[in-house]
Each structure stands twice: as structure tokens, then as C-alpha cells.
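Going letter by letter, the sequence shown gives residues 60 to 547 in this note's numbering.
Structure, as C-alpha cells:
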Amino acid sequence: MKLNFVFILLSCLLNGQAASDIKKVEALLDSSYAKTLVVDMKKSSLFAKEALRISKEKGYRKGEAWSNFYLAQGLFELWAYQPSLKYLSYAEEVNKEVKDQYLTYEIHRVRSRVFGSMELLRSSIKEQEKGLEVVAQIDKNENEKNYLRSLAYENLAISCSKLKNQKSFYHYLKKNKEILEKQDPGFVYTNLISLYTMLGAYFTDDGQYQQTELFFNKAKQVAEQYKYPYISFTYRRWGDLEIKKENAKSALEFYEKALKILTQTNFRSEIPVVYKQMRSAYLLLNDTANAEKVRIKALELENELKTEQLKASSSAVEEILQQENEKNQENNWKNYRWIVFIAFFFIIGIAVIFRRYNIKKQRLIKIKEEALMDKEQEIDFLSNKINDSFNEVIQLAKTNSPELFTRFKEIYPEIVESLLEINPKLRVSELTLAAYIYLGFNTKDIAACTFRTLSTIRNRKHNLRSKLNIPIEESTELWFKNLLKNKK
Numbered sequence: 060m061k062l063n064f065v066f067i068l069l070s071c072l073l074n075g076q077a078a079s080d081i082k083k084v085e086a087l088l089d090s091s092y093a094k095t096l097v098v099d100m101k102k103s104s105l106f107a108k109e110a111l112r113i114s115k116e117k118g119y120r121k122g123e124a125w126s127n128f129y130l131a132q133g134l135f136e137l138w139a140y141q142p143s144l145k146y147l148s149y150a151e152e153v154n155k156e157v158k159d160q161y162l163t164y165e166i167h168r169v170r171s172r173v174f175g176s177m178e179l180l181r182s183s184i185k186e187q188e189k190g191l192e193v194v195a196q197i198d199k200n201e202n203e204k205n206y207l208r209s210l211a212y213e214n215l216a217i218s219c220s221k222l223k224n225q226k227s228f229y230h231y232l233k234k235n236k237e238i239l240e241k242q243d244p245g246f247v248y249t250n251l252i253s254l255y256t257m258l259g260a261y262f263t264d265d266g267q268y269q270q271t272e273l274f275f276n277k278a279k280q281v282a283e284q285y286k287y288p289y290i291s292f293t294y295r296r297w298g299d300l301e302i303k304k305e306n307a308k309s310a311l312e313f314y315e316k317a318l319k320i321l322t323q324t325n326f327r328s329e330i331p332v333v334y335k336q337m338r339s340a341y342l343l344l345n346d347t348a349n350a351e352k353v354r355i356k357a358l359e360l361e362n363e364l365k366t367e368q369l370k371a372s373s374s375a376v377e378e379i380l381q382q383e384n385e386k387n388q389e390n391n392w393k394n395y396r397w398i399v400f401i402a403f404f405f406i407i408g409i410a411v412i413f414r415r416y417n418i419k420k421q422r423l424i425k426i427k428e429e430a431l432m433d434k435e436q437e438i439d440f441l442s443n444k445i446n447d448s449f450n451e452v453i454q455l456a457k458t459n460s461p462e463l464f465t466r467f468k469e470i471y472p473e474i475v476e477s478l479l480e481i482n483p484k485l486r487v488s489e490l491t492l493a494a495y496i497y498l499g500f501n502t503k504d505i506a507a508c509t510f511r512t513l514s515t516i517r518n519r520k521h522n523l524r525s526k527l528n529i530p531i532e533e534s535t536e537l538w539f540k541n542l543l544k545n546k547k
């Protein structure tokens, strides 16, 4: 009876200790989240690192999964993208066992942001779409789920905007608008301000200025209603609208308002962008002195911020990853001893095999050397033949020989085939001009060789570009240079 009592007491003590450890981990994760809200990512990551240590010691898998996630999020905000992706993978691996769908959504969301910051925009979009697919399975009420969808739509809109995909940009803005305008404004007013500002930016680029002003005013009204003064992004984009309308003085007024807010809130990272926008306004007013002044300010502040951010993030990341490095060193030492032991016997075995192999290798070397000499002679022959052919076709081009296209087609059949695949209706004269371009002749050279004016050659090149659908942003010469690569 006494023995049973001891077992029961011991069991209660162990369960109580386990519960205490879980509470400690949850408290650390709450602290990590709280520091995220005030953008203190170093402290947020350090709380998460301690939570991870305890979770691993006590086998608390849910705590381990969320700790890895918060570490990844903190490292991302400190510009440590590769370590961030690594910890997201750790969190994802543990979450396969935990099966927390909300964490799955968050992993996809942050990974999407990391990819976006690395300019891997299509990967960012795919990752956010995966997160959207998970929302329906998350154990939250419908309003909370819609809020998560709203965050995803906003991120997707930003990525599409960076890709210059205006159609998709507007599509996701509309979907976000449908959700946010049904939510409690007191809960999502900052999201509404961001949404209306991005809609205004979209209509600015689309030339629908009345719609632009409508949404900018909506953003301003929401900000005033909830006494939210931090609308520098709205004022910046409002200034862009005035630039489009060539109202430079009005644009400067909006940029000054944005600058004032950023200075008050100490969001220094956005100030160089405002200076660059102000420069555009000053140039519109032909005020080159002030334009140069704000340009220099932007450069100086950008350099200052880069230095500060690099110093701060390097120090924080080093501290966050220090414990992992120490553990890796300990594991490396254990592995080293095993490696030495295995290597000793491995070397003996290799020595025996190598001796036998070396005898066989010597026989093969002689055979390969003879074959190599034959191959080199063949390559020299072919190289000389190619050079002779190239020189021949260059000479035909310089003399404007009627045999140029026939000989070019014999030497470079794949070029002619590729051009005719793009446009089978190309005439011989157009294919001959293409041959000149492919051989490296510029407009002036072609005009001299063919006894045509420069304007005639330019017009023919323009017509050829149209028939071959060469993109406006790509030079004709570069397009021809990459022709066979693009075909592959």
C-alpha cells in the first residue's frame, strides 16, 4: 500500500514538472511574439531560442515546432535569409508530427516573405498560395480565417505588383477588399488603409485618376476615424499621383507630409525613397539645385542605414546562432574521432586496391594518349575548316556578294531554320540582313557594304524586328546572339 502511494506521488510530481516546463515554454513563446510586435527581433529570437532548448530537453514537440518558427521569423527580419529558411524547414519537419495547421499557414507565409525579399517572386507566390489552401483546415472561426486570407491576398498583390502583373495585382486587391470591408473596421483599420492606398496606386498606374483620389481619400478617412497618423505610404503614393498629373508643387506637399511622419516615427529606412520621389518633383519644376540636394541626402542616408543594419543584424544573428555553433563543434569532435578510426582501416584497403589499379591504369594511359593525339589532330582540322568558312562568309558580306545568303545558309543552317520557324514568310533580303546582324555587322557597316543609307538599314532592321517579334527592351544584336539558346 505504501509502495503504491509512493508511485502515485512520484507520478504526480513528474506530471506537475512536465506541466510547469510546458508553461515555461509557452511563456517564452508569448514573450517572443510580444517582441515581434514591437519589432525587437533580436530579443524575440533569443526568447525563441531558449524555448527551443527547453522543448528539446523535455520532448515538447509543439513547443519545438513553434520555437523554430519564431527563430526563423526573427532571422528573416534580421536579413539572415538562409538561416531563416533552415529554421522554417526544421519547424515544418517537426510540425508533420504536431499537425498544427495554423503553424503550417504561418510557415508558408514567412517563407513567402523570405522568397520575396530574395526577389524569388514566383516562388514567393507559390508559397503563399500553399498557405491559402491550408486556411480552411485551421481551427479558428470564419472571421479569423478570413483575416488570414486577407494577409495572404495582400502579400500576393505585392508580389504581382513587383512582377508588373497589373491584372493579378488588381485581382488580389479586389479579393482582399471583399474580405476586409466585411470585417470589424476597428480590428482591421490598418489593413484597410494599406488596401485603399494600393488600390489608389493601381489606378494611378492605370491612368484612372478620379478612382485614385477616391481610394486615397478613403485611406485618409479611415486613418482619421481611428486616429492613426502613420500614413506616410498613402501620402507618398498621393504624391506620385500628382507627379503623373504634372502638379509638382502639390506632389512636394504630399512628400513633405510623408517625410514628417517618417521622421516622427523614426522609420528611417523609408526616408530615402521619399527623397528620391521629391527629386522627381524638383526636376519637374526645373529646380536642379534642390533636386541634387535631396539626391545626395538619399544616398547619404541609404549608406548610413546599410552600415547600421549590417552591423546590428550581424551581431544579433551571431548571438542567436552561437549556441547552435557550439553544439555543432561538439558533434564535429565526436564525429572526428570516428572518422580517424575508420580512415585508418580505409587507407590500408585503398592502398591495396590502388596498387592493383595503378598497374591497369598505366596500360590504359598509353592507349588514351594515342587516342587523344588522334582527337587533337581531328579538332585542329575542324577548327581550321570553321575559321576558313567564317572568313569566307565575312568576305562575301563585305563585298555584298549575291552568294552571301546561300553560303551563310550552308554554314549556319540552324540559324536560318530558327528564323523561318518564327516567321516562315521572311524574304531572302530579310534573311540576308539577319545574316549581316548575326555576323556582327552594325548598322553603319551594313550600310557601307550594301551601298544603302543608314536610315534605309535602320528601317529594314525595324521591320525585321517586328516580323521576328523581338521584345522592345532587347537589342537586335543580343537577340540574335541568344537565338539558339532561347530555342533550347
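All C-beta atoms in this analysis are idealised placements derived from N, C-alpha and C, irrespective of residue type, glycine included.
Since the structure is predicted, the reported quantities are computational estimates derived from the model, not experimental observations.
Residue from the options with nearest C-alpha to residue i
| i | options | result |
| --- | --- | --- |
| residue 296 | 261, 241, 284 and 197 | 261 |
| residue 156 | 451, 122 and 273 | 122 |
| residue 333 | 352, 455 and 270 | 352 |
| residue 244 | 118, 273 and 277 | 277 |
| residue 247 | 285, 344, 269 and 522 | 285 |
| residue 450 | 490, 477 and 499 | 499 |
| residue 365 | 457, 138 and 338 | 138 |
| residue 220 | 508, 288, 178 and 190 | 178 |
Whether residue i touches residue j by CB criterion (8 angstroms)
| i | j | result |
| --- | --- | --- |
| residue 258 | residue 239 | no |
| residue 87 | residue 109 | yes |
| residue 176 | residue 146 | no |
| residue 252 | residue 211 | no |
| residue 482 | residue 544 | no |
| residue 126 | residue 114 | yes |
| residue 303 | residue 263 | yes |
| residue 93 | residue 128 | no |
| residue 335 | residue 357 | yes |
| residue 135 | residue 84 | no |
| residue 330 | residue 311 | no |
| residue 167 | residue 193 | yes |
| residue 466 | residue 475 | no |
| residue 256 | residue 293 | yes |
| residue 502 | residue 485 | no |
| residue 343 | residue 315 | no |
| residue 236 | residue 254 | yes |
| residue 80 | residue 119 | yes |
Secondary structure of residue i, DSSP reduced to three states
| i | result |
| --- | --- |
| residue 538 | helix |
| residue 199 | coil |
| residue 243 | coil |
| residue 471 | coil |
| residue 528 | coil |
| residue 326 | coil |
| residue 441 | Since pLDDT at residue 441 reaches only 43, below the 50 mark, its modelled position is unreliable, and the value read off the structure follows with that caveat. Residue 441: helix per DSSP, three-state reduction. |
| residue 449 | helix |
| residue 504 | helix |
| residue 553 | Nothing in the structure corresponds to residue 553, since the chain is present only between 60 and 547. |
| residue 520 | helix |
| residue 100 | helix |
| residue 65 | With a pLDDT of only 42 at residue 65, under 50, the local geometry of the prediction cannot be trusted, and the value read off the model is given with reservation. Correct three-state label for residue 65: helix. |
| residue 512 | coil |
| residue 460 | coil |
| residue 498 | coil |
| residue 407 | helix |
| residue 306 | coil |
| residue 179 | coil |
| residue 486 | coil |
| residue 412 | helix |
| residue 378 | Residue confidence is low: residue 378 scores 49 on pLDDT, short of 50, so the model does not pin down where it sits. No coordinate-derived value is stated. |
| residue 164 | helix |
| residue 312 | helix |
| residue 222 | coil |
| residue 159 | coil |
| residue 127 | helix |
| residue 359 | helix |
| residue 336 | helix |
Contact belief for residue i with residue j at Cβ below 8 angstroms, rounded distance in angstroms
| i | j | result |
| --- | --- | --- |
| residue 164 | residue 130 | Actually they do not touch by this definition, with Cβ atoms about 18 angstroms apart. |
| residue 218 | residue 183 | 5 angstroms |
| residue 510 | residue 487 | 18 angstroms between Cβ atoms; not a contact. |
| residue 291 | residue 301 | Wrong, their Cβ atoms sit about 16 angstroms apart, outside the cutoff. |
| residue 162 | residue 187 | In fact, because the Cβ distance is near 16 angstroms, the residues do not count as touching under 8 angstroms. |
| residue 478 | residue 490 | 6 angstroms |
| residue 124 | residue 154 | 5 angstroms |
| residue 536 | residue 505 | Going by Cβ atoms, the distance from residue 536 to residue 505 rounds to 12 angstroms, so no, they are not a contact pair. |
| residue 287 | residue 320 | Incorrect: roughly 11 angstroms between the Cβ atoms, too far for contact. |
| residue 189 | residue 197 | No, residue 189 and residue 197 are not in contact; Cβ-Cβ is about 13 angstroms, not under 8 angstroms. |
Cβ-heavy atom distance, residue i to the ligand SAH, below 7 angstroms
| i | result |
| --- | --- |
| residue 530 | Looking for the ligand SAH in the displayed structure turns up nothing, as the structure carries no ligands at all. |
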